[in-house]
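Residue numbers (the numbering used here), protein chains in the order written: chain A, 427 to 512; chain B, 6 to 148.
We put the CB at the ideal spot given by N, CA and C, even for glycine.
For reference, the structure discussed in these notes is given below.
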Amino acid sequence: MIVNLALICLALSIMLAVYRVLRGPSWGDRITALDFLGVNVAVLIVVTALKTGFTAFLDAALIVSILGFLSTVALTRYLLGGRVMG
Amino acid sequence: MRFLLCLPFMLATWALAAASGERVSVQGNLPAELLILIGTLFILLAALGMLRFPDFYTRLHASTKLVTLGGIGVFGGSALAFSAVQASERVLLVAAFFFLTAPLSGYMIARSGYLRGLEPYREDTSVDEWGACGEAEPSPGAP
């Protein structure tokens with residue numbers, strides 16, 4: 427019951443973040459919303475693992491969180507005029 | 006179509022996990038339920054703040070700080086619930102990585118936005134002590 431309520435709240439917040447990605451007046455809002463979206467998807471995968479009882483979802487949550495952080499770092503370094511790597 | 010080869014292995018893994026009887030549940034685990042509920046409500050508040058705040062910096066504030074606070078609740082409650090099947094250390098690994106990277110990504114987004122010259126909402130009440138707003142060279146092709 428609590429898990430279903432948590433899934434509903436997370437889905438609603440993901441929808442609001444997608445609205446901010448599509449609408450966002452500047453590129454900074456889009457990067458912020460994409461970072462928020464990555465964290466949200468990781469939390470959603472953890473709650474899904476709790477609902478289904480299938481613990482292999484936790485590795486997927488770790489991978490999604492790593493990919494979200496790396497994409498944020500790459501986008502900000504690109505926009506600051508430096509190189510992305512090195 | 007080569008990726009379909011992994012399908013039998015996934016099905017076998019799922020069948021093993023379903024047949025081993027290690028069911029995890031938060032039903033009746035009151036601290037885990039409370040922590041997950043509080044965490045998801047904070048994440049929903051963060052999304053609402055990102056929808057309604059007027060400015061790039063205030064939206065970044067809502068997103069970064071409230072998501073960090075909500076992650077404490079969700080990951081802590083999940084670790085409490087997964088301790089029944091000896092899987093809570095993986096949840097704590099995800100939580101440790103999240104707490105290392107969430108302030109760092111917020112800092113990098115705010116720094117790039119400031120140096121590329123995104124303006125604050127209300128100029129007469131804000132003080133710019135650094136004075137370097139918009140001084141960075143944009144990348145070729147960057148917006």
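Under the Cβ criterion of 8 Å, B:S117 is counted among the residues facing chain A. Across the set A:V473, A:A475, A:S439, A:F495, the C-alpha of A:F495 shows the shortest separation from the C-alpha of B:G111. Rounded to whole angstroms, the gap between the alpha carbons of B:A115 and A:L506 is 11 Å. In the same chain as B:P143, and ignoring 5 residues on each side of it, no C-beta atom comes closer than 6 Å to its own. Taking all protein chains in view, the Cβ of A:L442 is crowded by 16 or more other Cβ atoms within 10 Å, so the residue is classified as buried.
Sequence-distant partners of B:T69 (beyond 5 residues in either direction) whose C-beta falls short of 6 Å from its own C-beta, in its chain, are G111. Close CB contacts of B:A86 within its chain, under the 7 Å cut and outside five residues either way in sequence, are with V29, V31, N34, A37 (chain order). Interface annotation for the segment 126–146 of chain B against chain A: A141, E142, P143, S144, criterion Cβ-Cβ distance under 8 Å. Close partners of B:S88 in chain A (Cβ separation under 9 Å) are lacking, with about 12 Å as the shortest Cβ gap. Closer than 8 Å at the C-beta level to chain B, one finds these residues of the segment 455–481 of chain A: D455, I457, T458, A459, D461, F462, V465, N466, A468, V469, V472, V473, A475, L476, G479, F480, T481. Cα atoms of B:T45 and B:R64: separation of roughly 18 Å, rounded to the nearest angstrom. Contact of A:V444 with chain B is not assigned, every C-beta pair being separated by 8 Å or more. One alpha carbon belongs to B:P59, the other to B:Y126, and they sit about 7 Å apart.
A straight line joining the alpha-carbon of B:L74 with that of B:M6 spans about 43 Å. Within chain A, the residues placing a beta-carbon under 7 Å from that of B:F61 are S452, G454, D455, ordered along the chain.
Taking 8 Å as the cut-off, the Cβ atoms of B:M113 and A:F462 do not count as close.
Within the segment 45–129 of chain B, the complete alpha helix (DSSP H) segments at least 4 residues long are 61–87, 93–120, listed from N- to C-terminus. When the five nearest sequence neighbours on each side are left out, the beta carbons in the same chain lying within less than 8 Å of the beta carbon of A:A486 are those of I471, in order along the chain. When rounded, the separation of the alpha-carbon atoms in B:L16 and B:G82 is 29 Å.
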